[in-house]
Every structure is written in C-alpha cells, then in structure tokens.
Amino acid sequence: MMIRRIGLVVAGLGAGAWLLYKSQVRTMVVSAKAELPERGFSHAHFAAVLARFVDDEGRVDYEELRAQRGDLEAYLAQLAKASPEATPSRFETRDAKLAYYLNAYNAFMLYQITERPGLKSVNDMPIRVFGLTKFDMGGRQVTLHALENEFIRPMGEPRIHFALNCASLGCPTLARAPFEADALEAQLAVATRAFCRDSRHVRREGNVVHLSQIFRWYAEDFGPSGGPLVFCRSWGRDDIPEGAEVRYLPYDWGLNAKLKG
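Numbering (our numbering), first residue to last: 341 to 601.
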C-alpha cells in the first residue's frame, strides 16, 4: 500500500544506508510440510484460517491466530512450494494466477501481524512490513511491495485494490473466504461494489465526493476506467454527479483487530 513512500525511501539511500537496509531484510520461514494436490493449487488451509479467525466485519482475532497458526503455516508452506512462475502447469488461467497472488498477499500480511504482537498499526513500521520482510513464493523471495507491484498490478485489474488487505481499518474488508479461480470474477465484483458503497471509503456531500486514499495512491490504475469517479459510478454509486469535486479521506491505519469485550 505504501508504494511511493517505500520507493522514495529506497531510491534515496546512499551506499552505506543501502547496506544497512539490506542487513535488515528478513525472510519469514515456516517449518510446516507442504501438501499439494496432484493438479492445480488448493486454498483450503487459507479458507480454514479466514473462516475461523475473521469475523463478518473483516476484523481478525490475531491473538487466537497467533496461538493457532497451523493452517496458516501450512498454507505458507504451499505458497513456498508452488507459484505461477515456478509451477505454471498448476495455474493454467489468468484467474488462477490472480487468485493465488491475492491470497498470498493477504496470507503474508496476516502472518506478519502474528509475528509482531502488540503492533497497533502497520503504519508504525511501513518499511519493515512492506519492504524489508520477505516470503517464499515458489522458491522466490518476495516482499509485499514486490508482490503487489511486480506481480499483481501488472495484470491490469483495478479491482485488486478492493481485494488486498493491509491489516488496516482503511483497507477493504478482509473476506471470510479465499479467492478462487472459478469464482474470482464474482468475488471481485462483490468486493468492489461493497467498497464503493461504503461511506467510510466513498462519501458524497452535495457536489463533493470524498474518496479513499486508495483512489489517489493508485490513480493510474483507474485511468483506463475513466478515473475514480467514473469507476465508482460503474460500481453502484450512480448518485455521484458529473463534474463532482473530489476530496480525499484520511486513511485509517488502525489495526483491523477483532474488538475484545
């Protein structure tokens, strides 16, 4: 999510600072055994995680997940063993590839939060979360920043921005089911329509439309759709007038942790 911020920081590093930066890179390693189906790729372990630890509002019980990471670690082990690049025969369609990438991003993010008990916001350490922590994806070490910008965004699907969850309240709601190749179109449609209709992300006040920062950070991705306002109108916000003034809402970086009480 913090693509420009991370890119600017890394680009501005001198030689000494770059070496220090590289010395802080951490690769997450899980010891679970990877079990792959004979064909394709199964998201069953991730389905179990989402169904058990995510509530209907997209909040996550990180404390319980941290204590019971079996399914999450098993899923990460699968991601490490297979990917569209390493084992292309398992991902024969564009939707199979995209579903894999979206689930990988969300699973990697969940695992990171469980590794940092007490974290109140990923914005407290954005470079570490998005740019310094690597995960194994089919034998290739990738950060969340790389996964988003080198694998997901180049696929040219703007609705991915309503499927990726950065463990923050300002993010799209984390679904309680993984993305699946044969249902991806419907899942992306549901996620996009829900985001555009949610007043926390898209709110109209007369001739002013307040938009999530996501539409500003990734404006170029919505260009082919006619821009953010046209995009929102096509996804359930036909109340948005032509020529409306656009303002951007403050982004809520609070952790999407389940409320205890």
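Positions of the beta carbon are idealized from the N, C-alpha and C atoms, including for glycine. Since this is a predicted model, take the numbers as computed values, not measurements.
- Counting of Cβ neighbours within 10 angstroms places P494 among the exposed residues, the total staying below 16.
- CA-to-CA, the gap between A388 and A426 works out to about 25 Å.
- Just so you know, the alpha carbons of F470 and A444 end up roughly 14 Å apart.
- Assignment of L514 by DSSP, reduced to helix, strand and coil, places it in the coil class.
- The residues Y591 and D592, in chain order, have a CB closer than 6 Å to that of G510 in the same chain once the five nearest residues on each side in sequence are set aside.
- Annotated three-state conformation of H385 is helix, per DSSP.
- For M477, the enclosing beta strand (DSSP E) begins and ends at T473 to M477.
- Inter-segment contact for the region 427-441 and the region 517-531 is present: three or more beta-carbon pairs are separated by less than 8 Å.
- Just so you know, the alpha carbons of D579 and V548 end up roughly 11 Å apart.
- Rounded to the nearest angstrom, the Cβ distance from V400 to L504 is 15 Å, too far for a contact under 8 Å.
- Cα atoms of R499 and K460: separation of roughly 27 Å, rounded to the nearest angstrom.
- Closest option to R392, judged by alpha-carbon separation, among L405, N489 and E413: L405.
- In its chain, beyond the 5 residues on either side, H385, F386 and A447 have a beta carbon closer than 6 Å to the beta carbon of Y415.
- Distance from the Cα of Q452 is smallest, within the candidate group S574, M368, A420 and S565, for M368.
- Within the region 527-587, the runs of beta strand (DSSP E) at least 3 residues long that lie entirely inside it are, in chain order, 542-545 and 548-551.
- Counting of Cβ neighbours within 10 angstroms places S552 among the buried residues, the total reaching 16 or more.
- With respect to the 7 Å criterion, H501 and Y441 are not classified as neighbours on the basis of their beta carbons.
- Shown here, R480 sits in a strand according to DSSP, grouped into three states.
- Taken atom to atom, the span from the alpha-carbon of M477 to that of A422 is near 7 Å.
- Between A486 and A417, the CB-CB gap reaches or exceeds 7 Å.
- Taken through DSSP and simplified to helix, strand or coil, S508 comes out as strand.
- For V469, the secondary structure class from DSSP, reduced to helix, strand or coil, is helix.
- Of the other Cβ atoms in all chains shown, fewer than 16 fall within 10 Å of the Cβ of V570; this residue is therefore exposed.
- Short of 7 Å from the beta carbon of Y402, and not among the five residues preceding or following it, lie these beta carbons of its own chain, in chain order: I453, T454 and A597.
- Note on geometry: alpha-carbon atoms of G479 and A420 lie some 6 Å from one another.
- In this structure, R516 lies away from L595, with their beta-carbon atoms at least 7 Å apart.
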